[in-house]
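Numbered according to my numbering, the sequence shown spans residues 150 to 367. Here's the structure, in structure tokens; my notes come after.
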Amino acid sequence: QRDLRVVLDEFAGILGVTLNLSAGLDAFCQGANRLFGANRTGVWLHDRRSRHLVLRASSDRGRVVDGARVSADDQTAPAALTMRRARAEIHPGADESASLIVAVPLRGCRRALGTLVFEGVRIETGREFAVLDRADELGRQLSGAIENLQLLDDVVRSRHELENTFDSISHLVAVWDRRGRIVHVNHAFASRVGLTREELLERPLEDFVGPDLRAWLA
């Protein structure tokens with residue numbers, strides 16, 4: 150549990166500083182690989198538009214560069230088989246050795262996010278359930294972090310889209326709060342008053358409109 154916490158804390162620390170999911174997942178795969186004694190660990194995320202699982206991070210960095218992906222309906226790929234399951238599963242290894250594949254579903258509140266896959270894991274007889282429990286705990290924590298960052302990306306993207314919409318309007322647009330302070334303006338408004346958007350934030354709207362408009366707004 151202590152080692153698991155260290156891996157998750159390192160992952161959270163990188164996300165908190167960079168907000169870069171790929172960088173955080175790379176570090177996570179390295180730590181999780183050591184924790185489970187696997188030959189290779191990878192995080193496959195579901196691309197809902199293409200209906201593929203894309204390898205976003207791996208302890209074997211060369212695989213990510215190659216852009217590995219599998220179909221979400223591929224019944225031979227552990228990542229696809231386990232993605233919609235409720236719990237982690239053990240699959241036979243790719244060769245005839247005693248090593249196994251442990252696949253962990255990454256599930257968000259509303260949909261499947263992807264799969265965490267450990268390849269080349271050696272499990273002592275009788276320890277299977279303990280390993281799966283530990284894998285599930287790691288998967289739950291990772292799923293929460295991924296979903297939160299994806300939600301943040303959606304919010305940032307929506308804000309950029311809103312700003313682009315405002316800027317495409319030739320009319321002067323200003324948004325202000327109940328205190329009468331400016332919280333957003335479009336490019337046309339900022340250009341007209343000769344200030345940057347940052348300089349206009351928190352300024353009273355009354356400073357930039359005439360007395361008739363001030364009275365009407367009041």
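No residue lacks a Cβ here, since even glycine has one placed at the ideal position from N, Cα and C. Small disclaimer: the values here were computed from a predicted structure and weren't measured.
field: Nearest neighbour of Leu265, chosen from Thr274, Glu310, Ala187 and Asp222 [CA to CA]
entry: Ala187
query: Once you ignore the five residues that flank Ala284 on each side, which residues in its own chain have a CB closer than 6 Å to its CB?
result: Ala237, Val251 and Val253
- prompt: Taking the continuous beta strand (DSSP E) assigned at Arg308, which residues delimit it?
  reply: First-last for Arg308: Glu277 to Asp316, but that is the alpha helix (DSSP H), not the beta strand (DSSP E).
- request: Check the C-beta distance from His195 over to Leu202 and give it rounded, since I have them as a contact under 8 Å.
  value: 6 Å
- prompt: Looking at Arg363 and Glu351, is the spacing between their C-beta atoms short of 8 Å?
  reply: no
message: If contacts are defined as beta-carbon pairs under 8 Å, then Cys178 and Val192 qualify, I think. What distance do you get, rounded to the angstrom?
response: 6 Å
field: Contact the stretch 151-159 vs the stretch 283-301: 3+ CB pairs below 8 Å
entry: yes
query: What do you reckon, are the CB atoms on Gly263 and Met232 nearer than 8 Å?
result: yes
query: Quick one, which of Ala217, Ser220 and Gly242 has its alpha-carbon nearest Ile272's?
result: Gly242
- prompt: So is Thr274 buried or exposed if we call it buried at 16+ other beta carbons inside 10 Å?
  reply: exposed
query: To the nearest whole angstrom, what separates the beta carbons of Leu170 and Ile295, a pair I think is in contact under 8 Å?
result: 7 Å
- request: Leaving aside the five residues before and after Arg200 along the sequence, list all residues of the same chain whose C-beta is less than 6 Å from its C-beta, in chain order.
  value: Ala221
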